[in-house]
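The sequence shown begins at 734 in our numbering and counts up by one.
Beta carbons are placed, not taken as given, at the ideal position from N, Cα and C, and that holds for glycine.
Keep in mind that this is a model prediction, so the values were computed, not measured.
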Amino acid sequence: CNGNYNEPIRPKLTGEEKFNGKISHSQQYRSPESFTGQKVLVIGGGPSAVDLVQQISFVAQHVVISYHTKTTSTMEFRSNVSRKPDVLRIKDGEEIEFVDNSCDSFDSIIYCTGYKCSFPFLDGSCGVTVDDDNIVRPLYKQVINIEKPTMCFIGIPIYGCAFQLFDLQARFFCKYLTGAKSLPSPEEMRADTEKMMKSHWAKGYTKRQTHFLGPEQQSYYDDLATTADIKSVAPLFSKLYIEALNRFYNDFQNFREDRYKIIDDESYVREQ
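Laid out in structure tokens, this is it:
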């Protein structure tokens, strides 16, 4: 039960050793109070970054979010929040220079730069590797270890409906573990895995996003279900996920107040 969010990815800024303030990762964040009255730089453009920016902005003097994602550029924050591009370097004790040549001083830096999959408890004989792009190999359908097919990994894909995903993957694995279904040959499983990754990348996902589901999640669920002759995740969940994600980016200040009424396995309405 190591989880996907255990080992932080912690880049090192040029000149970081010169910084006099506090540097931390979002994994260490517990509450905004320690940033009261400060000028805070949040590096990252994902959900963790924007959540922290929102919380800290209520107590900080000024918050800057440094990012390069398109979705974050449309979000509305409080008036004491501003945006900057990527950091170029730390110039001295407090001053930081950005790639647009602008500079500003900060008391604290928070990295919201994601996590690396890590399995420190596995022996090398298991054959499982995690490369620099955070791709876990060799997993058939992102679940079964091709080298040791009685070993499975539940929950490697991210940006999906977590508990529905876990349940589906567990049922998928049990079909093969019990002998109710037979796995393809190792060569066929490797070819299938390579085909899946190339197809994913061709849609515009980077290698670091190999295990991202997002808009592709229903296709993934249905593929597992068809392959193992099991019931898939109801399309309702994928639709709700996409709706909630869009609401997160388009109405960040209010989306948590949303309420939904389930109609059936395919549909829902958002109550006004």
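- For a cut-off of 8 angstroms, the C-beta gap from Cys836 to Glu830 is around 5 angstroms, short enough to register as a contact.
- Rounded to whole angstroms, Cys894 and Lys751 show a C-alpha spacing of 42 angstroms.
- Comparing C-alpha distances from Asp833 to each of Pro818, Ile823 and Ser790 shows the shortest one belongs to Pro818.
- Excluding residues up to 5 positions away in sequence, Cys850, Val863 and Ile889 lie with their Cβ nearer than 6 angstroms to the Cβ of Val869 in the same chain.
- The three-state secondary structure of Lys964, taken from DSSP, is coil.
- Nearest to Lys772 by alpha-carbon distance, out of Gln761, Gly779, Ile756 and Gln760, is Ile756.
- Judged by DSSP in its simplified three-state form, Asn867 adopts coil rather than helix or strand.
- Per DSSP, the continuous beta strand (DSSP E) segment holding Lys772 begins and ends at Lys772 to Ile776.
- Leu910 has its alpha-carbon roughly 30 angstroms from the corresponding atom of Tyr848.
- Take the alpha-carbon of Thr926 and the one of Phe981: they are about 32 angstroms apart.
- In this structure Leu957 does not touch Asp998 by the C-beta definition: roughly 17 angstroms separates them, more than the 8 angstroms allowed.
- Cβ atoms of Val786 and Phe768 stay farther apart than 8 angstroms, at about 11 angstroms.
- Note on Gly736: under 16 other CB atoms within 10 angstroms of its CB, so exposed under the neighbour-count rule.
- In the structure shown, the three-state DSSP call for Asp837 is strand.
- Taking 7 angstroms as the cut-off, the beta carbon of Gly748 is found closer than this to the beta carbon of Ile823.
- In the structure shown, Leu746 falls within a coil segment according to DSSP collapsed to helix, strand and coil.
- The shortest CA-to-CA distance from Leu973 to any of Tyr953, Leu901 and Arg1003 is the one to Arg1003.
- Phe945 sits in a strand when the DSSP states are folded into three classes.
- Phe906: member of the alpha helix (DSSP H) spanning Ala895 to Leu910, first to last residue.
- In the three-state scheme derived from DSSP, where H, G and I count as helix and E and B as strand, Asn878 is classed as strand.
- Secondary structure note for Leu855: it is in no alpha helix (DSSP H), with a DSSP letter that is neither H nor E.
- With contacts defined by Cβ atoms closer than 7 angstroms, Ser841 and Gly754 form a contacting pair.
- When the beta-carbon positions are compared, Phe899 and Cys885 stay at least 7 angstroms from each other.
- Burial state of Asn867 is buried, judged by a 10 Å Cβ sphere holding 16 or more other Cβ atoms.
- Within the same chain, and ignoring the five residues on either side of Gln760 in sequence, the residues whose Cβ sits closer than 6 angstroms to its Cβ are Pro741.
- One Cα belongs to Gly778, the other to Thr943, and the distance between them is close to 18 angstroms.
- Residue nearest to Gln794 within the set Val783, Ser815 and Phe945 is Ser815 (criterion: CA-CA distance).
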